[in-house]
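Participant: Handing you this structure, nothing more for now.
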Amino acid sequence: MSTSSFSAAHNQASTLYLPPGSWQTVLDCLCEHFSAIGREQWLDRIARGRVLDGDGAPIALDLAYKEGLRIHYFREVPDEKPIPVIESILYTDEHLVVADKPHFLPVTPAGEYVEQTLLRRLIRRLDNPHLVPLHRIDRHTAGLVLFSANPQSRSAYQSLFPTRQIEKRYEAIAGALPDRAFPLVHKSRLIDGEPFFRMQEGPGVSNTETAVEVREKNGDLWRYGLYPVTGKKHQLRVHMTALGASICNDPFYPHVLKDVEDDYANPLKLLAQGLRFVDPVTGEQRDFESTITLQW
Numbered sequence: 001m002s003t004s005s006f007s008a009a010h011n012q013a014s015t016l017y018l019p020p021g022s023w024q025t026v027l028d029c030l031c032e033h034f035s036a037i038g039r040e041q042w043l044d045r046i047a048r049g050r051v052l053d054g055d056g057a058p059i060a061l062d063l064a065y066k067e068g069l070r071i072h073y074f075r076e077v078p079d080e081k082p083i084p085v086i087e088s089i090l091y092t093d094e095h096l097v098v099a100d101k102p103h104f105l106p107v108t109p110a111g112e113y114v115e116q117t118l119l120r121r122l123i124r125r126l127d128n129p130h131l132v133p134l135h136r137i138d139r140h141t142a143g144l145v146l147f148s149a150n151p152q153s154r155s156a157y158q159s160l161f162p163t164r165q166i167e168k169r170y171e172a173i174a175g176a177l178p179d180r181a182f183p184l185v186h187k188s189r190l191i192d193g194e195p196f197f198r199m200q201e202g203p204g205v206s207n208t209e210t211a212v213e214v215r216e217k218n219g220d221l222w223r224y225g226l227y228p229v230t231g232k233k234h235q236l237r238v239h240m241t242a243l244g245a246s247i248c249n250d251p252f253y254p255h256v257l258k259d260v261e262d263d264y265a266n267p268l269k270l271l272a273q274g275l276r277f278v279d280p281v282t283g284e285q286r287d288f289e290s291t292i293t294l295q296w
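Here the sequence shown is numbered in UniProt numbering, starting from 1 and rising by one per residue.
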């Protein structure tokens with residue numbers, strides 16, 4: 001495996017420095033360290049080259065254990081449930097890939113999702129192991145996601161986000177707010193909430209900001225344009241709830257819906273609709289628009 005190929009593969013792998021112990025082989029260590037994964041599974045992964053040494057080479061079954069040895073392994077979820085949605089690729093060049101992510105598809109591997117993620121699907125479709133997402137949107141949210149396709153230019157595109165050189169435009173459908181004057185700007189301090197996967201507003205200096213406008217009215221439901229200045233986890237979902245209009249079909253806000261199954265006919269009505277920025281490599285104005293529409 002070349003250095004560049006290993007570097008790209010390493011982005012998709014987890015890393016373990018072998019802990020102290022008296023094991024004879026790396027295999028023995030992995031079996032005990034990850035007790036939830038059976039020995040047969042580790043044997044299968046090693047046979048398929050899914051466990052690598054520090055140089056990115058597949059390990060041998062009898063590789064001797066050594067404390068501190070660096071091992072890379074690829075997470076796998078047995079019998080991973082297919083997600084019956086299809087992503088679209090809107091743009092690609094040697095530096096960038098712009099994808100339209102459907103609702104319910106995670107951007108990157110996490111928890112029960114590994115292969116059924118936008119990143120893994122695009123790597124397979126484009127045969128480019130160097131792909132790395134430049135930002136994230138929630139699994140429940142649909143819309144635009146930018147990927148770096150080239151490690152050499154990656155940092156230039158990554159810098160667009162923390163320096164706020166990229167304009168993000170979202171759309172949401174939520175309850176009517178006839179008593180509020182629009183457009184408005186909502187600022188608050190977001191902190192970790194309960195349960196652990198939620199966020200909430202708390203006291204202190206604001207660390208989030210969202211501009212909100214009304215685009216269309218349809219009885220008790222309105223279509224809103226949302227312009228996040230900052231990019232905190234669940235920011236738009238929390239801000240709309242704070243304004244008194246939680247986004248339609250939100251399983252987390254204002255309350256967590258327990259044991260809810262993904263309802264593909266009734267997704268969260270939130271869309272990452274537009275991205276605009278000056279390309280840091282070419283100097284061109286970039287303006288991307290999602291092809292997904294939110295239905296009433």
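Glycine included, every Cβ here is placed at the ideal spot set by N, Cα and C.
Source: prediction; values computed, not measured.
What residue range is occupied by the uninterrupted beta strand (DSSP E) comprising residue 216?
Facilitator: Sequence index remark: in the sequence shown, residue 216 carries index 216 (1-based). Looking at the DSSP string, the run of the beta strand (DSSP E) that includes residue 216 is 208-218.
Participant: Starting from residue 121, trace the alpha helix (DSSP H) in both directions and tell me its first and last residue.
Facilitator: Here the question's residue 121 lines up with position 121 in the sequence shown. Its alpha helix (DSSP H) spans residues 118-126.
Participant: Nearest to residue 24 by alpha carbon, out of 67, 46, 201?
Facilitator: In the sequence shown, counting from the first residue as 1, residue 24 sits at position 24. If we check each option's Cα against that of residue 24, 67 comes out closest.
Participant: Under DSSP, the beta strand (DSSP E) around residue 97 begins and ends at which residues?
Facilitator: Position 97 of the sequence shown, counted from the first residue, corresponds to residue 97. Per DSSP, residue 97 belongs to the beta strand (DSSP E) from 96-101.
Participant: How big is the Cα-Cα spacing for residue 49 and residue 76?
Facilitator: On the sequence shown, position 49 is the one that residue 49 refers to. On the sequence shown, position 76 is the one that residue 76 refers to. Their backbone Cα atoms lie some 13 Å apart in a straight line.
Participant: For the beta strand (DSSP E) that residue 241 lies in, which residues bound it at each end?
Facilitator: Numbered from its first residue, the sequence shown carries residue 241 at position 241. Per DSSP, residue 241 belongs to no beta strand (DSSP E); it is in the alpha helix (DSSP H), 235-243.
Participant: Let me make sure I understand the geometry here. Which of 106, 272, 27 has the alpha-carbon closest to that of residue 231?
Facilitator: For the purposes of this step, residue 231 is taken as the residue at position 231 of the sequence shown. Of 106, 272, 27, the residue nearest in Cα terms is 272.
Participant: Quick one, which of 57, 80, 61 has its alpha-carbon nearest residue 70's?
Facilitator: For the purposes of this step, residue 70 is taken as residue 70 along the sequence shown, with counting starting at 1. Comparing Cα-Cα distances from residue 70 to each of 57, 80, 61, the minimum goes to 57.
Participant: Smallest Cα separation from residue 105: which of 86, 63, 43?
Facilitator: For the purposes of this step, residue 105 is identified with residue 105 of the sequence shown, where counting begins at 1. Out of 86, 63, 43, 86 has the C-alpha closest to the C-alpha of residue 105.
Participant: Confirm the yes/no value for this check: CB of residue 132, any heavy atom of the ligand HEM, distance under 7 Å.
Facilitator: Here there are no bound small molecules, and the ligand HEM is not part of this structure.
Participant: Starting from the C-beta of residue 241, find all residues in its chain whose C-beta is less than 7 Å away, skip the five residues before and the five after it, and write them out in chain order.
Facilitator: Indexing the sequence shown from 1 puts residue 241 at position 241. 253, 254.
Participant: With distances taken between CB atoms, is the gap from residue 126 to residue 97 smaller than 8 Å?
Facilitator: Here the question's residue 126 lines up with position 126 in the sequence shown. Here the question's residue 97 lines up with position 97 in the sequence shown. Cβ distance < 8 Å, so residue 126 and residue 97 count as in contact.
Participant: Excluding the five sequence neighbours on either side, which residues of its own chain have a C-beta within less than 6 Å of the C-beta of residue 16, listed in chain order?
Facilitator: As a working mapping, residue 16 is identified with position 16 in the sequence shown. Contacts found: 71.
Participant: Are there 16 or more other CB atoms within 10 angstroms of the CB of residue 171, so buried, or fewer, so exposed?
Facilitator: For this step, residue 171 is matched to residue 171 along the sequence shown. With 16 or more Cβ atoms within 10 Å of its Cβ, residue 171 is classed as buried.
Participant: For residue 80 versus residue 41, is the C-beta spacing smaller than 8 Å?
Facilitator: One-based indexing of the sequence shown puts residue 80 at position 80. One-based indexing of the sequence shown puts residue 41 at position 41. No; because the gap between Cβ atoms is not below 8 Å, this pair is not in contact.
Participant: Taking 8 Å as the threshold, find out whether the segment 284-293 comes into contact with the segment 258-269 through three or more Cβ pairs.
Facilitator: No, the segment 284-293 does not touch the segment 258-269.
Participant: Near residue 108, what residues of its chain come up, given a Cβ to Cβ distance below 8 Å and the 5 sequence neighbours on each side ignored?
Facilitator: Residue 108 sits at position 108 when you count from the first residue of the sequence shown. Here the set comprises 117, 118, 119, 133, 136.
Participant: Who are residue 108's beta bridge partners in DSSP?
Facilitator: What you label residue 108 is simply residue 108 of the sequence shown in a count that begins at 1. DSSP, once it has assigned bridges, lists no residue as partnering residue 108.
Participant: Where does residue 16 sit, in a helix, a strand or coil, going by DSSP?
Facilitator: Here residue 16 refers to the residue found at position 16 of the sequence shown. Correct three-state label for residue 16: strand.
Participant: Using alpha carbons as the reference points, say which of 289, 158, 168, 174 lies closest to residue 238.
Facilitator: What you label residue 238 is simply residue 238 of the sequence shown in a count that begins at 1. It is 174 whose Cα lies nearest to the Cα of residue 238.
Participant: I'd like the ranges of any alpha helix (DSSP H) spanning at least 4 consecutive residues and lying wholly in the segment 38-99.
Facilitator: Listed in chain order, they are 39-47.
Participant: Taking only the alpha-carbon atoms, compute the straight-line gap between residue 31 and residue 19 and give it to the nearest angstrom.
Facilitator: What you label residue 31 is simply residue 31 of the sequence shown in a count that begins at 1. What you label residue 19 is simply residue 19 of the sequence shown in a count that begins at 1. Using only the alpha carbons, I get a separation of about 13 Å.
Participant: So what's residue 145 in DSSP terms, helix, strand or just coil?
Facilitator: The count along the sequence shown starts at 1 and reaches residue 145 at position 145. Residue 145: strand per DSSP, three-state reduction.
Participant: Helix or strand or just coil, what does DSSP make of residue 130?
Facilitator: Against the sequence shown, residue 130 aligns to sequence position 130. Residue 130 falls in the coil class under three-state DSSP.
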